[in-house]
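Residue numbers (this note's numbering): 17 to 85. Reviewing the structure listed below.
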Amino acid sequence: MSDSHDNEFDCVQSSRSIKDGLSAEIADLSPDELGNWLRSHRYTDARLKALAEKAAQPGVATDGPSACR
């Protein structure tokens, strides 16, 4: 088994950097602006896309215990 540490990519640092960037981008948005920002986001993950589409449907509960059923 070879011990290859040539890749200098730091997954944790990358994840933190992405999260920090998103947090800074949405920090000053009002709830309405945040909703618009989320609706305009294009998801590449099929599961996230399906959840976003379901949440965008009128009358779909998005919080509380009944949303988990």
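Ideal Cβ positions, reconstructed from N, Cα and C, are used throughout, including at glycine. These numbers come from a predicted model, not from an experiment.
Leaving aside the five residues that flank residue 54 on each side, the residues in its chain whose CB is nearer than 8 Å to its CB run, in chain order, 68.
One alpha carbon belongs to residue 26, the other to residue 35, and they sit about 14 Å apart. Listed in chain order, the non-local C-beta contacts of residue 72 below 7 Å within the same chain comprise 55, local neighbours out to five positions each way being set aside. For residue 74, no alpha helix (DSSP H) run applies, since DSSP gives it neither H nor E.
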